[in-house]
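Inspection log for the structure reproduced underneath, given as structure tokens.
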Amino acid sequence: MYYMIGLAGFFLLSEVLVQKKIMPKFLKNISAGKTILRSLLILLVVAAIGMLLKITAVLVILATIYLATVISNKYLNVFSDMEGGKKV
Numbered sequence: 001m002y003y004m005i006g007l008a009g010f011f012l013l014s015e016v017l018v019q020k021k022i023m024p025k026f027l028k029n030i031s032a033g034k035t036i037l038r039s040l041l042i043l044l045v046v047a048a049i050g051m052l053l054k055i056t057a058v059l060v061i062l063a064t065i066y067l068a069t070v071i072s073n074k075y076l077n078v079f080s081d082m083e084g085g086k087k088v
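Start counting the sequence shown at 1; every next residue gets the next number (the UniProt record's numbering).
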């Protein structure tokens with residue numbers, strides 16, 4: 001039960017951080033496709049580190065939540081710009 005509450009709290013925290021544009025530079029000013037590619041590479045690295053430390057599930061889950069939030073925010077911003085009439 002506490003595990004699920006912690007994951008929900010982490011999701012809310014990551015959502016707030018991403019909305020306030022507090023994220024690493026290498027994920028901030030790039031296209032959506034490159035964001036997805038870098039997210040996949042980060043997940044592979046996190047999975048490898050997790051296997052070495054024997055805590056794979058927790059690290060991969062947390063990284064997936066954060067990176068999915070970054071990707072969804074990237075697409076939300078792009079579609080908002082498109083609706084506003086900007087050329088994307």
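We put the CB at the ideal spot given by N, CA and C, even for glycine.
Drop a sphere of 10 angstroms on the beta-carbon of Ser-31, count the other beta-carbons inside from all chains shown, and report buried for 16 or more, exposed for fewer.
Residue environment for Ser-31: exposed (fewer than 16 other C-beta atoms within 10 angstroms of its C-beta).
Who are the near neighbours of Phe-10 in its chain, counting only those whose CB is closer than 7 angstroms to its CB and skipping five residues on each side?
Apart from the 5 residues on each side of it in sequence, Phe-10 sits with its Cβ closer than 7 angstroms to the Cβ of Leu-62 and Ile-65 in its chain, given in chain order.
Taking buried to mean at least 16 other C-beta atoms within 10 Å of its own C-beta, is Thr-80 buried or exposed?
The sequence as given places Ser at residue 80; Thr does not occur at that position. Result: exposed.
Through-space distance from Gly-33 to Leu-27, alpha-carbon basis:
In a straight line, the C-alpha of Leu-27 is about 11 angstroms away from that of Gly-33.
So what does DSSP say about Met-82, is it helix, strand or coil?
In the three-state DSSP reduction, Met-82 falls in the helix class (H, G or I).
For Val-18, I'd like the list of residues in its chain whose CB is within less than 7 angstroms of its CB, leaving aside the five on either flank, ordered along the chain.
If we look at Val-18 and ignore the five residues flanking it on each side, its Cβ neighbours are Thr-69, Val-70 and Asn-73.
In this structure, does DSSP put Asn-29 in helix, strand or coil?
Of the three classes helix, strand and coil, the one that applies to Asn-29 here is coil, per DSSP.
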